[in-house]
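Scroll down for the structure; my scribbles are underneath it.
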Amino acid sequence: MDYNSEFRKSIERPEDFWREKAQAIDWIEPPQTIWQPTDNGHGQWFPDGTLNTSDVALDANIRAGRGEQKALIYDSPVTGTTDSYTYNELTRAVATFAGALQDRGVTKGDRVILYMPMIPEAVIAMLGCARIGAIHSVVFGGFAAHELAVRIDDAAPKAIITASCGIEVKKVIEYKPLVDRAIDQAEHKPECCIVFQRPQVKAQLKEGRDFDWNELVSQASPVDPVPVKATDPLYILYTSGTTGKPKGVVRDNGGHAVALRYSMQLVYDASPGDVFWAASDVGWVVGHSYIVYAPLFAGCTTILYEGKPVKTPDAGAFWRVVQEHGVDMLFTAPTAFRAVRKEDPEADQLARYDVSSLKRIFLAGERLDPPTYEWLKEHTGLPILDHWWQTETGWAICCNPIGIEMMETKPGSATVPSPGYNVQVVDMEGSQVPANEQGQIAVKLPLPPGCMTTVWGDDARFCKTYLDPIPGFYSSGDGGFIDDDGYVFIMGRTDDVINVAGHRLSTGEMEEVVASHPAIAECCVVGANDEMKGQIPVGLVLIKDGATIDHDELEDELIEMVRDKIGAIACFKRAMVVDRLPKTRSGKILRRVIRQIADGEEYSVPSTIDDPAILEEISARFKR
Numbered sequence: 001m002d003y004n005s006e007f008r009k010s011i012e013r014p015e016d017f018w019r020e021k022a023q024a025i026d027w028i029e030p031p032q033t034i035w036q037p038t039d040n041g042h043g044q045w046f047p048d049g050t051l052n053t054s055d056v057a058l059d060a061n062i063r064a065g066r067g068e069q070k071a072l073i074y075d076s077p078v079t080g081t082t083d084s085y086t087y088n089e090l091t092r093a094v095a096t097f098a099g100a101l102q103d104r105g106v107t108k109g110d111r112v113i114l115y116m117p118m119i120p121e122a123v124i125a126m127l128g129c130a131r132i133g134a135i136h137s138v139v140f141g142g143f144a145a146h147e148l149a150v151r152i153d154d155a156a157p158k159a160i161i162t163a164s165c166g167i168e169v170k171k172v173i174e175y176k177p178l179v180d181r182a183i184d185q186a187e188h189k190p191e192c193c194i195v196f197q198r199p200q201v202k203a204q205l206k207e208g209r210d211f212d213w214n215e216l217v218s219q220a221s222p223v224d225p226v227p228v229k230a231t232d233p234l235y236i237l238y239t240s241g242t243t244g245k246p247k248g249v250v251r252d253n254g255g256h257a258v259a260l261r262y263s264m265q266l267v268y269d270a271s272p273g274d275v276f277w278a279a280s281d282v283g284w285v286v287g288h289s290y291i292v293y294a295p296l297f298a299g300c301t302t303i304l305y306e307g308k309p310v311k312t313p314d315a316g317a318f319w320r321v322v323q324e325h326g327v328d329m330l331f332t333a334p335t336a337f338r339a340v341r342k343e344d345p346e347a348d349q350l351a352r353y354d355v356s357s358l359k360r361i362f363l364a365g366e367r368l369d370p371p372t373y374e375w376l377k378e379h380t381g382l383p384i385l386d387h388w389w390q391t392e393t394g395w396a397i398c399c400n401p402i403g404i405e406m407m408e409t410k411p412g413s414a415t416v417p418s419p420g421y422n423v424q425v426v427d428m429e430g431s432q433v434p435a436n437e438q439g440q441i442a443v444k445l446p447l448p449p450g451c452m453t454t455v456w457g458d459d460a461r462f463c464k465t466y467l468d469p470i471p472g473f474y475s476s477g478d479g480g481f482i483d484d485d486g487y488v489f490i491m492g493r494t495d496d497v498i499n500v501a502g503h504r505l506s507t508g509e510m511e512e513v514v515a516s517h518p519a520i521a522e523c524c525v526v527g528a529n530d531e532m533k534g535q536i537p538v539g540l541v542l543i544k545d546g547a548t549i550d551h552d553e554l555e556d557e558l559i560e561m562v563r564d565k566i567g568a569i570a571c572f573k574r575a576m577v578v579d580r581l582p583k584t585r586s587g588k589i590l591r592r593v594i595r596q597i598a599d600g601e602e603y604s605v606p607s608t609i610d611d612p613a614i615l616e617e618i619s620a621r622f623k624r
């Protein structure tokens with residue numbers, strides 16, 4: 001079957017299409033009903049099927065004879081250690097930890113927050129939750145205590161799982177004090193906190209609430225997978241929202257397993273036994289989908305890498321991992337290779353390693369800029385494949401469908417819609433715009449399996465954010481166009497969410513933090529283009545009348561506030577004091593024009609602007 005016929009079947013006969021794809025996974029009770037619509041046009045996939053995600057990822061591979069194949073390879077240049085687990089070993093570890101969770105009273109439907117570094121125990125904890133039907137919510141280990149507290153209150157977890165520390169390039173970050181502060185700040189109090197003690201730091205445990213991971217596991221017995229409905233939640237993953245309040249993306253069990261299993265064949269052309277490396281973090285959707293779940297669903301060996309593309313120890317880090325572990329497919333964000341290219345522009349480090357195992361390189365998480373694409377293509381000679389997806393969708397909306405047929409690549413394009421995604425470029429009324437004309441990227445409902453089912457605890461917000469803006473469509477929040485050949489080009493967000501090194505962050509949330517400084521009267525934060533990280537936030541601030549503070553001192557304080565409230569990943573490092581902000585006569589800040597000025601682009605003076613002279617003043621400030 002070629003791409004066009006596969007795509008047409010997925011759109012014209014979706015129930016037949018996904019019934020066929022669902023046969024690729026092991027069900028406890030196979031679904032008879034494939035699709036059940038709801039009033040909002042979204043609906044449920046496989047509503048009468050039952051399964052267990054841990055069983056699909058682990059036990060099914062043992063049944064298929066892959067028990068002694070490596071399931072997980074752990075590579076940690078920051079600690080100088082490597083380790084591996086076969087499917088048999090990983091299944092035992094997961095089943096035993098699941099038993100430990102049950103011993104602490106965690107049962108089906110309970111929420112468990114994970115605040116973990118990139119260690120095998122993070123994967124074991126995620127799969128352990130899935131094994132007993134508990135809903136996990138992984139919070140990136142670099143997030144500040146306040147951000148963790150917000151998620152504790154939203155998810156109301158019965159337990160928190162953490163480690164004594166995370167390890168960065170030049171420093172060790174103690175996690176337990178951050179977790180303690182978050183629990184103190186949160187209104188909801190988890191019943192227990194399970195701590196994995198790493199040798200670099202020993203965390204202090206609070207009697208009665210905190211428990212040592214190894215002690216619990218040593219007393220636990222392995223448990224069998226608990227059957228769950230296909231529509232039961234597997235996990236909650238928080239993503240930035242334009243209000244500053246994070247949105248808890250809910251992923252179900254059945255649709256998730258079917259879609260990710262299909263994606264491994266469609267997008268990555270992966271087969272059982274292939275070594276698949278997603279160089280990401282389990283705190284992000286890429287880590288959920290393509291470190292933990294999809295490679296195991298497909299019987300691959302997945303790599304968990306605790307390091308950076310550079311400085312652990314050098315720009316050859318990725319190539320070393322490929323050589324040592326025989327990596328077949330590498331998937332990372334463009335920002336990673338921009339960092340490698342910056343430190344090793346002639347790819348001298350690449351020449352030191354044998355990367356002949358590598359078949360192709362995949363990039364996603366942000367726009368793949370043509371210079372990075374061309375550099376990788378020139379120096380590796382491999383297919384360099386861009387694809388576009390979101391936390392909300394869990395797998396690629398657009399890709400080069402190499403598992404069906406390899407299509408010509410066009411730099412700047414994520415290629416074509418994946419089967420199941422009826423991607424259209426529309427105006428605000430939902431009418432299609434002509435080819436090559438920019439508009440809003442939207443997906444005609446229903447969405448395929450694997451996509452978010454709702455916002456945790458707030459279905460009205462789910463509808464308002466994603467379904468109501470363009471009736472009959474999922475609104476992606478991204479703008480772009482489709483060319484004459486049907487190739488999709490994503491040009492950027494249409495809201496205040498920016499993409500910093502592949503991490504979606506809300507400028508609105510940063511504005512709330514900056515505005516809370518006692519010297520600030522008003523502020524604006526926009527995303528400016530950055531050669532290394534794609535975008536970085538830049539703040540424009542007005543000081544209150546009568547407030548006296550050194551501008552450099554103020555900038556330092558604002559940087560520290562954003563770091564404390566949101567985390568270092570925000571990369572907020574510039575706050576410029578201005579006399580006034582450009583606004584319309586109705587008082588709306590002209591953020592789009594400020595972004596154009598920050599990026600050095602030509603801009604037109606809006607007819608609605610209150611005072612055109614302010615734009616020249618802002619432009620002069622950016623040029624200093």
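If you number the sequence shown the way the UniProt record's numbering does, the last residue is 624 and the count never jumps. Even for Gly, the Cβ is constructed at its ideal location relative to N, Cα and C.
- Annotation: G381 to L58 spans about 35 Å, alpha carbon to alpha carbon.
- Approximately 6 Å separates the beta-carbon atoms of A144 and K565; this is inside 8 Å, confirming the contact.
- Proximity to V275 across V355, A24, E147, G472 peaks at V355, based on C-alpha coordinates.
- DSSP places Y74 in the uninterrupted beta strand (DSSP E) bounded by 70-76.
- For A396, the closest alpha carbon among the candidates I618, G420, L376, I594 is that of G420.
- Around the beta-carbon of V169, fewer than 16 other beta-carbon atoms lie within 10 Å, marking it exposed.
- When DSSP states are grouped into helix, strand and coil, E29 belongs to the strand group.
- In the structure shown, E89 adopts helical secondary structure according to DSSP, grouped into three states.
- Linking R198 to Y238 through their CA atoms gives a straight-line distance of about 26 Å.
- V195 places its beta carbon less than 8 Å from that of S164.
- When the beta-carbon positions are compared, G394 and G450 come within less than 8 Å of each other.
- For A22, the enclosing alpha helix (DSSP H) starts and ends at 14-22.
- In the pairwise beta carbon analysis, the segment 343-352 is classified as touching the segment 316-332: at least three pairs are separated by under 8 Å.
- Note on A125: 16 or more other CB atoms within 10 angstroms of its CB, so buried under the neighbour-count rule.
- Counting along the chain, the unbroken beta strand (DSSP E) around S506 starts and ends at 503-506.
- Excluding residues up to 5 positions away in sequence, V322, G326, V327, D328 lie with their Cβ nearer than 7 Å to the Cβ of S357 in the same chain.
- Closest in alpha carbon position to F297, among D369, V56, E560, W35, is V56.
- If you check the CB distance, A364 and A333 come in under 8 Å.
- Between L445 and F473, the beta carbon gap of about 6 Å places them in contact (Cβ cut-off 8 Å).
- For V562, the enclosing alpha helix (DSSP H) has its first and last residue at 551-565.
- The bridge partners DSSP lists for D530 are G534.
- Note that the segment 181-193 touches the segment 146-165; at least 3 beta-carbon pairs, one per stretch, sit closer than 8 Å.
- Exposure of S271 is indicated by the presence of fewer than 16 other C-beta atoms within 10 angstroms of its C-beta.
- Contact between A95 and V223 holds, with the beta-carbon distance rounding to 6 Å and staying under 8 Å.
- Taken in chain order, the whole alpha helix (DSSP H) runs of length 4 or more contained in the segment 296-360 are 317-325, 334-343.
- Rounded to the nearest whole angstrom, the CA to CA distance from S263 to I25 is 13 Å.
- Runs of alpha helix (DSSP H) with 4 or more residues, each lying fully within the segment 35-64, are found at 60-63, listed in chain order.
- As DSSP reads the structure, M576 sits in a beta bridge with L540.
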